[in-house]
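Note that the UniProt record's numbering gives residue 14 to position 14 of the sequence shown, counting from 1, and the numbers run on in steps of one.
From the three backbone atoms N, C-alpha and C, an ideal C-beta is built for every residue, glycine too.
A short write-up of the structure that comes next.
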Amino acid sequence: MQLTLDHVHIFAASARKTADDYVALLGAREIEQYETPNGLRVILQLGGAQVYIEERAGGTGAVDHLAFATRDLDAAVAHIENSGGTILTPPRQVREGLRIAFVAPEGGGKTEIVQRG
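Here it is, written out as structure tokens:
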């Protein structure tokens, strides 16, 4: 199983202000923005990775989860489960060309596994 970093997802009280700060202070480049059920989501390119900044009431700006991409989501999830990880959200189709699952290592934390294409 080979995984590559897909994105880092941050929840913030003001997605616009946080994204603007990342651009001004860290040199990020804005790729796109759109509305989600939570509110505004701004996607930035920074340091070779995408950073999703999504508005959420009470968001602290802390990292919610890391997301890794794989070519075979079902095999990756099976490997994680067989190795002692917990499946938080089983594989599901989000939209055409995007399937995701959320998993947690035994020690805690939350990781998204994505399959694009």
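Legend entry - Where the alpha helix (DSSP H) containing R16 begins and where it ends: Counted from its first residue, the sequence shown places residue 16 at position 16. Where R16 is concerned, the enclosing alpha helix (DSSP H) starts and stops at 15-26.
Inset, instruction - Kindly indicate which three-state DSSP category D72 falls into: helix, strand or coil? - result: The sequence position of residue 72 within the sequence shown is 72, counting from 1. Coil.
Inset, instruction - Note down the Cα distance separating Y52 from L46, rounded to an integer number of angstroms. - result: Position 52 of the sequence shown, counted from the start, is the residue given in the question as residue 52. Position 46 of the sequence shown, counted from the start, is the residue given in the question as residue 46. Going from the Cα of Y52 to the Cα of L46 covers about 10 Å.
Legend entry - Between the CA atoms of R99 and P91 - distance to the nearest angstrom: Along the sequence shown, read from residue 1 onward, the residue named residue 91 stands at position 91. Along the sequence shown, read from residue 1 onward, the residue named residue 99 stands at position 99. Near 7 Å, if we compare the C-alpha coordinates of R99 and P91.
Legend entry - 8 Å Cβ cutoff met for I10 and V63: Here residue 10 refers to the residue found at position 10 when the sequence shown is read from its first residue. Here residue 63 refers to the residue found at position 63 when the sequence shown is read from its first residue. Yes, they are a contact pair.
Inset, instruction - Can you check the stretch 40-74 for any beta strand (DSSP E) of at least 3 residues that lies completely inside it and give the ranges in chain order? - result: 40-46, 49-55, 60-69, all fully within the stretch 40-74.
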